[in-house]
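The structure under discussion appears below in the form of structure tokens.
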Amino acid sequence: MKSHSEAFDELIRLYLEEHRKKYPAIPDSYRAIPKFEDKTSNGLTRCVITFLRLSGWQAERINSQGRVIDNRRTVTDIIGNQRIIGNIQRIPTSGTRGTADISATIRGRSVKIEVKCAATGDRQREAQKHYQREVEAAGGIYAIATSFTQFFGWYQSNFGEVV
């Protein structure tokens, strides 16, 4: 498995290579290097998607949280006091329960990636395990990313070195 710095160094190398192609007139000394981190689920998801896209593959984040409808409003009574009345309503997702956080296509293969940040102690739920079984039964690839270094090692062992 690659060390933390090797995995992130590769991500930064890919980012800078793409940035040089897009903006060739900017000298390297002026290029801002983004801060990639995998200590949160959002940060890890961003690292994985950025890495896959910069490697030439399709990758997208899947939103499966449903939505919130805010029916609250502020009213003023006859004395002049303000209050909030109404409620917040949560509408469940219309998507598949347990769907993975990232959907990607790598070398023509359907890949679903569940982000479970090791720093937060997140665990795979039963609906997600069921979804994993469905994906694998259909011939797709399912992976769980707990850190960017772990994901990078998984990627290399399944798809080879990054070019």
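First residue of the sequence shown? That's 997 in my numbering, and the numbers climb one at a time after it. Cβ coordinates follow ideal geometry from the N, Cα and C atoms, glycine included. Since we're looking at a predicted model, the values are computed, not measured.
Through-space distance from I1140 to C1113, alpha-carbon basis = Numbered from its first residue, the sequence shown carries residue 1113 at position 117. Numbered from its first residue, the sequence shown carries residue 1140 at position 144. CA-CA distance, C1113 to I1140, rounds to 9 Å.
What are the partner residues of K1108, as DSSP defines its beta bridges?
-> On the sequence shown, residue 1108 is found 112 positions in, with the first residue counted as 1. In the DSSP secondary-structure assignment, K1108 is bridged to S1099 and Y1138.
Residue environment, K1031, which counts as buried when at least 16 other CB atoms sit within 10 Å | The count along the sequence shown starts at 1 and reaches residue 1031 at position 35. Only exposed fits K1031, as fewer than 16 other CB atoms lie within 10 angstroms of its CB.
Cutoff 7 Å; reference T1160; Cβ partners in own chain excluding five residues on either side = Residue 1160 lies beyond the stretch modelled for the chain, which goes from 997 to 1159, so this question has no answer here.
Give me the Cβ distance between A1055 and A1003, rounded to the nearest whole Å; I'm assuming they're in contact under 8 Å.
-> Here the question's residue 1055 lines up with position 59 in the sequence shown. Here the question's residue 1003 lines up with position 7 in the sequence shown. Contact doesn't hold; Cβ gap of about 16 Å is too wide.
Taking only runs of the alpha helix (DSSP H) that begin and end inside the segment 1061–1085, which ones reach a length of at least 4 residues, in chain order?
-> none
In angstroms with no decimal places, state the Cα-to-Cα distance between M997 and F1047.
-> Here residue 997 is taken as the residue at index 1 of the sequence shown, counted from 1. Here residue 1047 is taken as the residue at index 51 of the sequence shown, counted from 1. Low confidence applies here, because M997 scores a pLDDT of 47, under 50, leaving its location unreliable; read the following figure in that light. Their Cα atoms are separated by approximately 17 Å.
Under the three-state reduction of DSSP, which class applies to R1016: helix, strand or coil?
-> In the sequence shown, the residue the question calls residue 1016 occupies position 20. Helix.
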